[in-house]
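S.K.: Dropping the structure in here first, questions after.
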């Protein structure tokens, strides 16, 4: 015998959560939800509710409240609107606990664990600091990822798991023994079946689907044993109370196959830890006196009872009256991270009953087919798969299992969401469904603020569109992202890289960020400088005052906040909805669902919808438009290789009769997921074919490309790209509409090009006749569009120029009352000539190419480098870096990698030079030159952060992708004799300074050199200015 080596808020009360889910997804209701009580502020000065947040990691509850208060103030000064509090707890504990990151804690978790009195003190101190700094806070509802709380081990609301054992019996033989695995847990089912054959399956492309597999499943190498479906028999009722089973196969009269197999399937509490107990790890640990001191267990994520286990603990032990009152004042979201609970097979109590109610048949005899890719870690990706000889190899039963699992997960989400709203008076946020074997899109509407992440979505704009689609359809105003984590980039991430992640997110419909991450800055046991660090130094980044460039974060965070402000305005508008039905969501979304790029090339925007969300109140067709109060889709695309559901097709046909244009790209799809009554299936197929033949708004094509079809039937993009130079450039747009204004976010995607490359020009026709303004997210300025504008019956056509990875915002104001005054939150009130330069910054409509021959390249720079070196005592975190200065004379700007002595240096660089204007030998005039009274300044591109002064006058914030000021003439001396002094200060990440000591770093005794670590040194960065700085020359 052996183990099978086999994954608008909800208006519901906690008490009703289970019943609501039993009634199906109709329980989801639209609920208008403002960004926050305090509103959005203005574009120039966004409110704290719009500003980004950092995930704030504290190691455990032993942290110093005074340091916590200082950290909160530090984040506020960098432009953050809030912080998300998360007790890290070694990511759960030792590596043998799933994904844990450490074997010992330097303090006693019996005293300082999550949920203890020490945790209460830290939580209240954090609340007070947030209030004192006029910020908002999110908080994880448990330690680590928020997956659980302290509880007695016998609690039914903790996570459950299932294991299957089997034993082979020769053909025609018998079995008279105790079931294999007896005692592993409570017996769910004993099943017998005939094994027909066994084959080794080798799949060289691990991202490819197996023929006939369920949508979302990737291929894996395995041994595959096929069972006769007709032979599968539930023999649980023949099993004695002691586990004895007697069956005789002599009467089967079969010579086909290889053997008979007896399966025994058991359920049990998984005992998966959200935070290890004190006796499970090393360090100065003590015996817990109560279960509250014994760590935290993952709760059942597939029942309302699991949610109630969490909420009951909070109410009884963590939310005293004053704590709850403070939370009402400054709380933003109760929150849970992505679900990464280890399990052979995700399960909950009474699952078999729920399944029978959902699908009308018993799952018991089909259980052996479930033990592959329906759990996480453990034996969820086995070497041996059991399938049936049905045409779909039994995948219909797996799809049904996953559908019921999703319904149970919704009961969990509903319970938490309702509790947060009703008890905490706060919205609930969670990272929904990815890592789980279910339809992610179906579940997204079940929380107030669904959250994804840049890491697991691989910065894939198409992936973000999958996530944002159902959220927007459900009227969720915030679609958040845990943004910025990159494996292998610990301490080397630059600010432009962080912004790059955000830019792609906005293009995909994300409109709020929790940046990854901001660690506790105080001393902690067995932890080296520069700071307490998560995940064995693997992931970017540890933002904070230990970074030399921290003092320059404010400009970048203001930029993020202003883009958030726009992306949270009004409602999103999309051109096309794509049908997408999957039954499992991988942990890392790596591939586009719609692979062609023809839609982007023409300017179309699109999102994805699951047919399991078609019941939402906003999913209606009026005047041929789907979801007119939400995205306003002009058409829906269903591809021939899409997987269908009967209920989804019924709704699709209904919409077709209501006049919605539908494109069946590549033909009429035939694949349906799950098991169905043959009569219902036949009728559904007939109705779809009939609609395709008889309705003029249903278009069946031979080609998967859809842009040309949409154009031919008169459906044009809201942002129609008329021309692009170079032609291989790719721009993304995202449209938001309010009563007074249409906002269009535009991004020049230069993902495959080096920094400083990828400039492109485009002519775009916008489906709006409002007055166009350009909103500069770096300065807060809102100015009338400065380029050519043409308007006709089809809208407004503009010509734009964007550097590689640059963004801009075009706002079309519908009335004089809505038009902005020309101002900026960056005034430099100390700049007396500000009135003379109404818009000295580089708008996309006013940028001309730089002609080096017509410009003055600045030379003879003095560079003073402030080195931030490791301290003599690496375990003195609060003492900070060891600093000293060196001076370098540079005829021309070059990277620090090319300056002797700076190869392994991190720190700050103070650059200065002088120039005469006009120069003694002025550049030759050009017919394309700007008038001589205007003098541009161009820094080329900025590798990280930069602030500058000209003649001691601070210059405005600079966009690293196009750091130009169109006219510095108000601030320069123009007598041709007196020098103008330009000074620039740059900061770097700490990566280069850490490389020589990388293997000496540790956090809580765990670091890159630890035996169980998989960390490799990060790449060396190119620090310093190395792009020519030019004056004049447009």
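Residue numbers (mature numbering (1 follows the signal peptide of the UniProt record, and there is no 0)): -19 to -1, 1 to 1015.
Cβ atoms here follow ideal geometry from the backbone N, Cα and C, with glycine treated the same way.
None of the values given here were measured: they were computed from a predicted structure.
(1) Would you mind sorting residue 342 into buried or exposed? The rule is 16 or more other CB atoms within 10 Å of its CB.
(2) Could you compute how far the alpha carbon of residue 421 sits from the alpha carbon of residue 726?
(3) Determine the direct distance from the alpha carbon of residue 470 to that of residue 633, and round the result to whole angstroms.
(4) If you follow the alpha helix (DSSP H) that residue 178 is in, where does it begin and where does it stop?
(5) Near residue 955, which residues of its chain fall below 6 Å by C-beta distance, leaving aside the five closest residues on each side in sequence?
(6) Along the beta strand (DSSP E) that carries residue 1056, what are the first and last residues, could you check?
(7) Distance, Cα to Cα, residue 505 vs residue 972?
(8) Give me whichever residues DSSP pairs with residue 747 in a beta bridge.
(9) Is residue 118 helix, strand or coil by DSSP?
(10) Return helix, strand or coil for residue 43, following the three-state DSSP convention.
(11) Going by the DSSP bridge assignment, what does residue 864 pair with across the sheet?
(12) Grouping DSSP H, G and I as helix and E and B as strand, with all else coil, what is residue 485?
(13) Just list the residues that DSSP pairs residue 653 with in beta bridges.
(14) With distances taken from CA atoms, which of 322, 884, 614 and 163 is nearest residue 72?
(15) Per DSSP, which one or two residues make a beta bridge with residue 141?
(16) Residues in its own chain within less than 6 Å of residue 491 by CB, not counting five upstream and five downstream?
(17) Provide the residue(s) that pair with residue 666 in DSSP beta bridges, ordered along the chain.
(18) Can you give me the start and stop residues for the alpha helix (DSSP H) that residue 442 sits inside?
(19) Note down, one range per segment and in chain order, each beta strand (DSSP E) of at least 3 residues found wholly within the segment 317 to 378.
(20) Could you have a look at residue 1009 and say whether DSSP puts it in helix, strand or coil?
(21) Give the single residue among 874, 879 and 880 whose Cα lies nearest to the Cα of residue 894.
(22) Tell me where the beta strand (DSSP E) around residue 728 begins and ends.
(23) Would residue 695 be called buried (16 or more neighbouring beta carbons within 10 Å of its own) or exposed?
(24) By a C-beta neighbour count over all protein chains shown, 10 Å radius and 16 as the cutoff for buried, is residue 289 buried or exposed?
(25) For residue 458 and residue 732, what's the separation of their Cα atoms in angstroms?
(26) Please go through the same chain and pick out, in chain order, the residues whose beta-carbon is closer than 6 Å to the beta-carbon of residue 473, but skip the five residues on each side of it.
(27) Do you know how far the Cα of residue 888 is from the Cα of residue 882?
(28) What is the rounded straight-line gap between the Cα of residue 567 and the Cα of residue 555?
(29) May I ask you to report which of helix, strand or coil DSSP gives residue 470?
(30) Suppose you measure from the CA of residue 1013 to the CA of residue 950; what does that come to, to the nearest Å?
(31) How would you call residue 465, buried or exposed, if buried means at least 16 neighbouring beta carbons within 10 angstroms?
(32) Check whether the segment 702 to 716 touches the segment 514 to 531, counting contact only when three or more Cβ pairs, one atom from each stretch, lie closer than 8 Å.
(33) Below 8 Å on the Cβ atoms is my contact criterion, and I expect residue 967 with residue 926 to pass it. Report the Cβ-Cβ distance as a whole number of Å.
(34) List the endpoints of the continuous beta strand (DSSP E) containing residue 460.
(35) With DSSP collapsed to three states, give me the class of residue 705.
M.R.: According to the structure shown:
(1) Start at 1 with the first residue of the chain shown, and residue 342 comes out as number 361. So residue 342 counts as exposed.
(2) Counting from one through the chain shown, the residue named residue 421 turns up at place 440. Counting from one through the chain shown, the residue named residue 726 turns up at place 745. Computed Cα separation, rounded: 26 Å.
(3) Here residue 633 is taken as the residue at index 652 of the chain shown, counted from 1. Here residue 470 is taken as the residue at index 489 of the chain shown, counted from 1. C-alpha separation (whole angstroms): 45 Å.
(4) Taking the chain shown and counting its residues from 1, the one referred to as residue 178 is at position 197. Residue 178 -> not in any alpha helix (DSSP H); beta strand (DSSP E) instead, spanning 167 to 182.
(5) For this step, residue 955 is matched to residue 974 along the chain shown. Closer than 6 Å at the Cβ level, and outside the excluded window around residue 955, lie 898.
(6) In the structure as shown, the chain begins at -19 and stops at 1015. Residue 1056 is therefore absent and cannot be evaluated.
(7) Sequence index remark: in the chain shown, residue 505 carries index 524 (1-based). Sequence index remark: in the chain shown, residue 972 carries index 991 (1-based). CA-to-CA, the gap between residue 505 and residue 972 works out to about 21 Å.
(8) As a working mapping, residue 747 is identified with position 766 in the chain shown. Residue 747 pairs with 700 and 777.
(9) For the purposes of this step, residue 118 is identified with residue 137 of the chain shown, where counting begins at 1. Per DSSP, reduced to three states, the secondary structure at residue 118 is strand.
(10) As a first step, residue 43 is located in the chain shown; it is residue number 62 there, counting from the start. The answer is coil: DSSP assigns residue 43 none of H, G, I, E or B.
(11) To locate residue 864, count along the chain shown from 1; it is residue 883. For residue 864, the pairing in a beta bridge is given by DSSP as 849.
(12) Taking the chain shown and counting its residues from 1, one reaches residue 485 at position 504. Secondary structure at residue 485: helix, using DSSP grouped into helix, strand and coil.
(13) Within the chain shown, the letter at position 672 stands for residue 653. For residue 653, which the question treats as bridged, DSSP gives the partners 625.
(14) Taking the chain shown and counting its residues from 1, one reaches residue 72 at position 91. Here the closest residue by C-alpha is 322.
(15) Walking along the chain shown from the start, residue 141 turns up at place 160. In DSSP, residue 141 forms a bridge with 250 and 328.
(16) For this step, residue 491 is matched to residue 510 along the chain shown. For residue 491, the CB contacts under 6 Å within the same chain, skipping 5 residues up- and downstream, are 445, 460 and 462 in chain order.
(17) By 1-based counting over the chain shown, the position of residue 666 is 685. Answer is none; residue 666 lacks a bridge partner.
(18) Taking the first residue of the chain shown as 1, we reach residue 442 at position 461. Segment 442 to 454, the alpha helix (DSSP H) holding residue 442.
(19) Entirely contained in the segment 317 to 378, the beta strand (DSSP E) runs reaching 3 residues are, in chain order, 365 to 369.
(20) In the chain shown, counting from the first residue as 1, residue 1009 sits at position 1028. Shown here, residue 1009 sits in coil according to DSSP, grouped into three states, outside any helix or strand.
(21) As a position in the chain shown, residue 894 is number 913, starting the count at 1. The shortest C-alpha separation from residue 894 is found at 874.
(22) Position 747 of the chain shown, counted from the first residue, corresponds to residue 728. Its beta strand (DSSP E) spans residues 722 to 730.
(23) Your numbering for residue 695 matches position 714 in the chain shown. Per the 10 Å Cβ criterion, exposed.
(24) Within the chain shown, the letter at position 308 stands for residue 289. When all chains shown are included, residue 289 counts as buried.
(25) Position 477 of the chain shown holds residue 458. Position 751 of the chain shown holds residue 732. Residue 458 and residue 732: Cα-Cα distance of roughly 28 Å.
(26) Counting from one through the chain shown, the residue named residue 473 turns up at place 492. Cβ within range, chain order: 970, 972, 999 and 1002.
(27) Position 901 of the chain shown, counted from the start, is the residue given in the question as residue 882. Position 907 of the chain shown, counted from the start, is the residue given in the question as residue 888. Between the C-alpha atoms of residue 882 and residue 888 there is a straight-line separation of about 13 Å.
(28) Locating residue 567 in the chain shown gives position 586, where the first residue counts as 1. Locating residue 555 in the chain shown gives position 574, where the first residue counts as 1. Cα-Cα distance, rounded: 26 Å.
(29) Position 489 of the chain shown, counted from the start, is the residue given in the question as residue 470. Residue 470: coil per DSSP, three-state reduction.
(30) Residue numbering aside, residue 1013 sits at position 1032 when the chain shown is read from its first letter. Residue numbering aside, residue 950 sits at position 969 when the chain shown is read from its first letter. One alpha carbon belongs to residue 1013, the other to residue 950, and they sit about 10 Å apart.
(31) Within the chain shown, the letter at position 484 stands for residue 465. Looking at its Cβ environment, which holds 16 or more other Cβ atoms inside 10 Å, residue 465 is buried.
(32) The segment 702 to 716 vs the segment 514 to 531: no contact.
(33) Here residue 967 is taken as the residue at index 986 of the chain shown, counted from 1. Here residue 926 is taken as the residue at index 945 of the chain shown, counted from 1. Correct: roughly 6 Å between the Cβ atoms.
(34) In the chain shown, residue 460 corresponds to position 479, counting from 1. That residue, residue 460, is in no beta strand (DSSP E); it is neither H nor E in DSSP.
(35) To locate residue 705, count along the chain shown from 1; it is residue 724. Residue 705: strand per DSSP, three-state reduction.
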